[in-house]
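Below: the structure, in C-alpha coordinates.
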Amino acid sequence: MTDSKHQKFLLFFYSDYESLGMEYISSVLKTNNIKTSLIYKNIQDFYDSGSAKLINYQQLASEICNLNPDVLGLSLLTDTFQVNMA
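Right under this line is the structure:
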(Lines of atoms letter the chains of each structure in order from A and count residues from 1; the text may use other names and numbers.)
(Lines give C-alpha, C1' and ligand atoms only; values in the text may rest on other atoms or scores of the structure.)
Protein backbone atom coordinates (compact mmCIF):
# COMPACT_ATOMS: atom_id res chain seq x y z
CA MET A 1 0.00 0.00 0.00
CA THR A 2 1.33 3.43 -0.89
CA ASP A 3 1.50 6.36 1.49
CA SER A 4 -1.31 8.69 0.42
CA LYS A 5 0.57 11.68 1.91
CA HIS A 6 3.59 11.08 -0.33
CA GLN A 7 3.51 13.39 -3.36
CA LYS A 8 4.25 11.35 -6.47
CA PHE A 9 7.33 12.36 -8.44
CA LEU A 10 7.97 11.62 -12.10
CA LEU A 11 11.41 12.31 -13.55
CA PHE A 12 11.74 12.76 -17.30
CA PHE A 13 14.96 12.01 -19.15
CA TYR A 14 15.61 13.09 -22.71
CA SER A 15 18.46 14.16 -24.89
CA ASP A 16 19.22 16.56 -27.71
CA TYR A 17 15.71 17.27 -28.95
CA GLU A 18 12.81 19.05 -27.30
CA SER A 19 10.02 16.63 -26.42
CA LEU A 20 6.66 18.31 -26.81
CA GLY A 21 4.94 15.09 -25.71
CA MET A 22 6.83 15.11 -22.40
CA GLU A 23 5.98 18.78 -21.95
CA TYR A 24 2.26 18.04 -22.41
CA ILE A 25 2.41 15.08 -20.03
CA SER A 26 4.32 17.13 -17.44
CA SER A 27 1.73 19.90 -17.63
CA VAL A 28 -1.16 17.50 -17.05
CA LEU A 29 0.66 15.81 -14.17
CA LYS A 30 1.47 19.13 -12.48
CA THR A 31 -2.18 20.16 -12.84
CA ASN A 32 -3.01 16.98 -10.92
CA ASN A 33 -0.49 17.72 -8.12
CA ILE A 34 2.20 15.34 -9.33
CA LYS A 35 5.73 16.73 -9.14
CA THR A 36 7.82 16.47 -12.30
CA SER A 37 11.42 17.25 -13.13
CA LEU A 38 13.77 16.83 -16.06
CA ILE A 39 17.26 15.53 -16.69
CA TYR A 40 18.53 16.67 -20.07
CA LYS A 41 21.74 15.36 -21.58
CA ASN A 42 23.37 16.54 -24.77
CA ILE A 43 24.55 13.43 -26.54
CA GLN A 44 25.65 15.12 -29.76
CA ASP A 45 29.28 14.54 -28.71
CA PHE A 46 28.54 10.81 -28.79
CA TYR A 47 27.56 11.04 -32.44
CA ASP A 48 30.47 13.30 -33.35
CA SER A 49 33.05 10.97 -31.81
CA GLY A 50 31.27 7.63 -32.12
CA SER A 51 32.30 6.83 -28.55
CA ALA A 52 29.88 6.08 -25.72
CA LYS A 53 32.79 6.76 -23.33
CA LEU A 54 31.87 10.45 -23.45
CA ILE A 55 28.71 9.70 -21.51
CA ASN A 56 29.32 9.23 -17.79
CA TYR A 57 26.72 6.57 -17.02
CA GLN A 58 27.68 6.32 -13.34
CA GLN A 59 27.14 10.05 -12.87
CA LEU A 60 23.82 9.86 -14.70
CA ALA A 61 22.66 6.90 -12.58
CA SER A 62 23.75 8.75 -9.44
CA GLU A 63 21.75 11.84 -10.47
CA ILE A 64 18.65 9.72 -11.01
CA CYS A 65 19.07 7.83 -7.72
CA ASN A 66 19.63 11.06 -5.77
CA LEU A 67 16.37 12.48 -7.12
CA ASN A 68 14.60 9.23 -6.16
CA PRO A 69 11.66 9.44 -8.60
CA ASP A 70 8.61 7.20 -8.36
CA VAL A 71 8.66 6.89 -12.15
CA LEU A 72 11.35 7.58 -14.76
CA GLY A 73 9.98 8.67 -18.13
CA LEU A 74 12.11 8.36 -21.25
CA SER A 75 11.60 10.00 -24.62
CA LEU A 76 13.32 8.07 -27.36
CA LEU A 77 13.74 8.77 -31.03
CA THR A 78 14.90 6.08 -33.44
CA ASP A 79 18.30 7.72 -33.87
CA THR A 80 18.87 8.17 -30.11
CA PHE A 81 17.41 4.87 -28.89
CA GLN A 82 20.71 2.99 -28.57
CA VAL A 83 22.43 5.76 -26.59
CA ASN A 84 19.47 6.46 -24.31
CA MET A 85 19.00 2.80 -23.45
CA ALA A 86 22.69 2.19 -22.71
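Just so we're aligned, residue 1 is where the sequence shown starts under the numbering used here, counting upward by one.
No residue lacks a Cβ here, since even glycine has one placed at the ideal position from N, Cα and C.
Query	Result
Which residues in the same chain as L38 place their Cβ atom closer than 7 Å to its Cβ, once the five residues preceding and following it in sequence are excluded?	F12
Rounded to a whole number of angstroms, what is the C-alpha to C-alpha distance between G73 and T36?	10 Å
For S26, collect the residues of the same chain with a Cβ closer than 7 Å to its Cβ; drop the 5 residues on either side in sequence, then sort them by chain order.	F12 and T36
List the residues that DSSP assigns as beta-bridge partners of Y102.	Residue 102 is absent from the model: the chain starts at 1 and stops at 86.
At which residues does the alpha helix (DSSP H) containing L76 begin and terminate?	Looking at the DSSP string, L76 is not in any alpha helix (DSSP H), and its letter there is neither H nor E.
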